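Enquirer:
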Amino acid sequence: MDIAVKLTLVAALVMMGYNISEFVTSYETICAKTEEFKKMMAETQEGVVRRSNLLLSLFLSTVFTCLTYWSGLALWITAVVALKLLFTLCCSDLTLVHVLRVGDLTKKFYMLTKVDALFNAALGLGIALIVVL
8 MDIAVKLTLV AALVMMGYNI SEFVTSYETI CAKTEEFKKM MAETQEGVVR RSNLLLSLFL
68 STVFTCLTYW SGLALWITAV VALKLLFTLC CSDLTLVHVL RVGDLTKKFY MLTKVDALFN
128 AALGLGIALI VVL
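Just so we're aligned: the sequence shown equals residues 8 to 140 in the numbering used here.
(1) Could you give the distance in angstroms between the alpha-carbon of L61 and the alpha-carbon of K13?
(2) Between E50 and L107, which are expected to be in contact by the criterion C-beta below 8 Å, what is the C-beta distance as a whole number of angstroms?
(3) I believe L112 touches T41 by the beta-carbon criterion, under 8 Å. Please report the beta-carbon distance rounded to the nearest angstrom.
(4) I need the straight-line Cα distance from S59 to F44, nearest angstrom please.
(5) In the structure shown, what three-state DSSP assignment does A81 receive?
(6) Count the other CB atoms, across all protein chains shown, that sit within 10 Å of the CB of F116; report buried if there are 16 or more and exposed otherwise.
(7) Along the chain, where does the alpha helix (DSSP H) that runs through D123 open and close?
(8) CA-CA distance, I10 and L101?
(9) When you compare only the Cα positions, how much space is there between T69 and Y76?
(10) Between the Cα of V3 and those of T120, H105, V55 and A128, spot the shortest distance and give me the residue it belongs to.
(11) Considering S28, what are the terminal residues of the alpha helix (DSSP H) in which it resides?
(12) Which value, in whole angstroms, describes the spacing of the CA atoms of F95 and D123?
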């Protein structure tokens, strides 16, 4: 088994596990984490937080997309992965901006993160299955 395939399998399983944990987290827990986040961000500028979130998320998304390509998966699968992770990046930024400006996480954004986490978990599972089979 090629090293890229092994790394892709591990990354897909980590992605799936993380997103399942995000999906099952309750609204109350997310609100408590949001309050802690707001306290930490009281001294930090919004632009710095958004930039670091964007850069880290973009880096991880790019690495995962490249791994799917180097694993020899069909180009359309790599394109679907890239588009889905780009959508996740946009959702993450929208949620972050909402929390920073409004001060709390509304049910609308909570549901957006849940749906996104569910699809990311399914994507991770799908990539893992494709790589193994």
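Glycine residues also receive a C-beta, built at the ideal position from the N, C-alpha and C atoms. If you're wondering where the values come from, they're calculated on a predicted model, not measured in any experiment.
Expert: With the given structure in hand:
(1) Locating residue 61 in the sequence shown gives position 54, where the first residue counts as 1. Locating residue 13 in the sequence shown gives position 6, where the first residue counts as 1. The straight-line gap from Cα to Cα measures roughly 27 Å.
(2) Translated into positions along the sequence shown, residue 50 becomes position 43. Translated into positions along the sequence shown, residue 107 becomes position 100. Not a contact, Cβ separation roughly 13 Å.
(3) The sequence position of residue 112 within the sequence shown is 105, counting from 1. The sequence position of residue 41 within the sequence shown is 34, counting from 1. Between L112 and T41 the beta-carbon gap is near 5 Å, inside 8 Å, which marks them as a contact.
(4) As a working mapping, residue 59 is identified with position 52 in the sequence shown. As a working mapping, residue 44 is identified with position 37 in the sequence shown. Each residue's Cα considered, the two are about 14 Å apart.
(5) Residue numbering aside, residue 81 sits at position 74 when the sequence shown is read from its first letter. The answer is coil: DSSP assigns A81 none of H, G, I, E or B.
(6) For the purposes of this step, residue 116 is taken as the residue at position 109 of the sequence shown. Result: buried.
(7) Working through the sequence shown from its first residue, we reach residue 123 at position 116. Counting along the chain, the alpha helix (DSSP H) containing D123 begins and ends at K114 to V139.
(8) Within the sequence shown, residue 10 is the residue found at index 3, counting from 1. Within the sequence shown, residue 101 is the residue found at index 94, counting from 1. C-alpha of I10 to C-alpha of L101: approximately 35 Å in a straight line.
(9) Position 62 of the sequence shown, counted from the start, is the residue given in the question as residue 69. Position 69 of the sequence shown, counted from the start, is the residue given in the question as residue 76. Between T69 and Y76, the alpha-carbon positions lie close to 11 Å from each other.
(10) The displayed coordinates of the chain run from 8 to 140. Any statement about residue 3 would go beyond what the structure contains.
(11) By one-based count along the sequence shown, residue 28 stands at place 21. Annotation for S28: the continuous alpha helix (DSSP H) segment containing it runs I10 to V31.
(12) The sequence position of residue 95 within the sequence shown is 88, counting from 1. The sequence position of residue 123 within the sequence shown is 116, counting from 1. Reading off the sequence shown, one finds Thr at residue 95, where the question assumed Phe. Approximately 7 Å, taken between the alpha carbons.
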